[in-house]
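All remarks here apply to the structure that follows.
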Amino acid sequence: MTTIAVLGAGKIGEALLSGLIKAGRAPSDLLFTERFPSRAEELTKTYGISHVDVPTAVQRADVIVVAVKPQDIEPLLDEVAPKIPAGKLVVSLCAGLPTKLFERRLPEGTAVVRVMPNTPMLVGEAMAAISGGAHAEDHHLDLVEELLGSVGKVARVPETQQDAVTALSGSGPAYFFYLVEAMIDAGILLGIPRATAADLIVQSAVGAATMLREGDGHPVMLREAVTSPAGTTIAGIRELEKHGVRAALIDAIEAARDRSVELGKAHED
Ligand SMILES: NC(=O)C1=CN([C@@H]2O[C@H](COP(=O)(O)OP(=O)(O)OC[C@H]3O[C@@H](n4cnc5c(N)ncnc54)[C@H](O)[C@@H]3O)[C@@H](O)[C@H]2O)C=CC1
Ligand SMILES: O=C(O)[C@@H]1CCC=N1
3 MTTIAVLGAG
13 KIGEALLSGL
23 IKAGRAPSDL
33 LFTERFPSRA
43 EELTKTYGIS
53 HVDVPTAVQR
63 ADVIVVAVKP
73 QDIEPLLDEV
83 APKIPAGKLV
93 VSLCAGLPTK
103 LFERRLPEGT
113 AVVRVMPNTP
123 MLVGEAMAAI
133 SGGAHAEDHH
143 LDLVEELLGS
153 VGKVARVPET
163 QQDAVTALSG
173 SGPAYFFYLV
183 EAMIDAGILL
193 GIPRATAADL
203 IVQSAVGAAT
213 MLREGDGHPV
223 MLREAVTSPA
233 GTTIAGIREL
243 EKHGVRAALI
253 DAIEAARDRS
263 VELGKAHED
């Protein structure tokens with residue numbers, strides 16, 4: 003069985019470990035490193051996965067998943083580079099960081115795959131986009147696709163698209179949560195108890211997402227089907243258009259893309 007080590011077990015590292023266990027992977031095939039001992043203890047208690055140091059992780063694992071913040075990558079690479087044996091597969095989940103940053107710092111020929119996942123991995127509904135670096139071969143991409151395929155959907159994209167993907171599906175769940183939060187607030191304004199408003203909106207979001215995924219309709223057609231002549235929906239849509247919500251979303255996603263590019267540039271030579 004492939005042994006996987008996650009370096010940095012924060013939100014996304016935990017989402018991956020937990021998703022892999024839910025998908026049937028044995029905790030004994032998983033390892034993690036974590037700089038905060040209390041956090042490490044909590045994860046070992048919850049999932050039964052061993053917390054190890056970096057030399058042990060890179061020795062024992064076949065696949066080394068880097069899940070620290072982009073701002074924390076340099077000290078991590080300083081620790082990993084002298085210890086990692088040749089021939090390991092390195093998978094980076096870090097926003098903005100190009101595969102060539104890892105290739106420059108790790109032993110010559112190290113296969114690196116850049117991945118942009120998202121937190122719905124926790125419930126087996128991730129969207130992950132993967133791109134191979136200079137030394138990643140088809141079998142490396144196949145392995146990463148298989149691993150991530152057990153916790154959601156996987157797309158292969160050219161690395162040049164990863165900053166845009168980060169803005170769309172990496173950050174995307176946060177924008178949906180934000181929308182849901184705002185709609186629940188609207189319910190409160192209209193006098194609906196918070197718990198009832200949350201039920202109404204969350205189920206509407208699940209229903210709408212299911213129609214988008216499983217139906218054969220385009221989002222525009224689906225929205226038109228809700229929008230009756232002289233009805234309630236168009237009265238609401240007019241307000242969204244007046245407040246520039248579409249343009250705000252496009253600007254938000256462009257800003258997220260730009261930030262991803264900036265995070266990568268901070269680590270250029
Ligand atoms: N949170 C999200 O929705 C997503 C995050 N990502 C990427 O995943 C990476 C991690 O993000 P989060 O999990 O949100 O951050 P986080 O801050 O929750 O987790 C990072 C973890 O790494 C640990 N850490 C830092 N340096 C370390 C070191 N040298 N050795 C061992 N542990 C170390 C920290 O203590 C922390 O627990 C980032 O690069 C981010 O861009 C990618 C997609 C989605
Ligand atoms: O906000 C961030 O930087 C990370 C990357 C994508 C989602 N969360």
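Each residue of the sequence shown is one higher than the one before, starting from 3 at the first, in the working numbering.
By construction, the Cβ of each residue, glycine as well, lies at the ideal position given by its N, Cα and C atoms.
Looking at ligand 1, does it come within less than 7 angstroms of residue i, judged from the CB to the closest heavy atom?
| i | result |
| --- | --- |
| THR121 | yes |
| ARG37 | yes |
| LYS85 | no |
| LYS47 | no |
| MET185 | no |
| ILE14 | yes |
| LEU150 | no |
| MET118 | yes |
| ASP74 | yes |
| LYS71 | yes |
| ARG248 | no |
| PRO195 | no |
| ALA11 | yes |
| PRO221 | no |
| PRO100 | no |
| LEU78 | yes |
Could you check whether the Cβ of residue i sits closer than 7 angstroms to any heavy atom belonging to ligand 2?
| i | result |
| --- | --- |
| SER133 | no |
| ALA97 | yes |
| GLY172 | yes |
| THR168 | yes |
For residue i, name the three-state secondary structure that DSSP assigns.
| i | result |
| --- | --- |
| ARG37 | coil |
| LEU214 | helix |
| GLY134 | strand |
| ILE86 | coil |
| VAL247 | helix |
| ARG259 | helix |
| SER173 | coil |
| LEU95 | coil |
| ARG62 | helix |
| ILE338 | No answer is possible for residue 338: it lies beyond the span of the chain, which begins at 3 and ends at 271. |
| ARG27 | coil |
Distance, Cα to Cα, residue i vs residue j?
| i | j | result |
| --- | --- | --- |
| LEU124 | SER20 | 6 angstroms |
| GLU148 | ILE132 | 11 angstroms |
| ALA28 | ASP187 | 42 angstroms |
| GLU241 | ALA200 | 22 angstroms |
| THR5 | GLU183 | 39 angstroms |
| ASP218 | LYS47 | 44 angstroms |
| THR229 | PRO221 | 12 angstroms |
| ILE194 | THR212 | 25 angstroms |
| ASP140 | GLU36 | 30 angstroms |
| GLY189 | ALA197 | 10 angstroms |
| LEU276 | ALA69 | Coverage of the chain is limited to positions 3 through 271, which leaves residue 276 absent and any answer about it impossible. |
| ILE14 | ASN120 | 7 angstroms |
Sufficient close CB pairs (3 or more, under 8 angstroms) joining the region 162–182 to the region 249–268: Three or more pairs of CB atoms, one per stretch, sit closer than 8 angstroms, so the region 162–182 contacts the region 249–268.
Three CB pairs or more closer than 8 angstroms across the region 144–162 and the region 16–34: Segments in contact, yes.
task: Say whether the region 87–106 touches the region 43–58, bearing in mind that this needs 3 or more beta-carbon pairs closer than 8 angstroms, one atom from each stretch.
output: The region 87–106 is not in contact with the region 43–58.
- prompt: Just checking, does the region 112–129 make contact with the region 78–85 on the three C-beta pairs under 8 angstroms criterion?
  reply: The region 112–129 vs the region 78–85: no contact.
task: Would you check if the region 30–50 and the region 94–101 touch, i.e. whether three or more CB-CB distances between them fall below 8 angstroms?
output: Judged by Cβ distances under 8 angstroms, the region 94–101 makes no contact with the region 30–50, as fewer than three pairs qualify.
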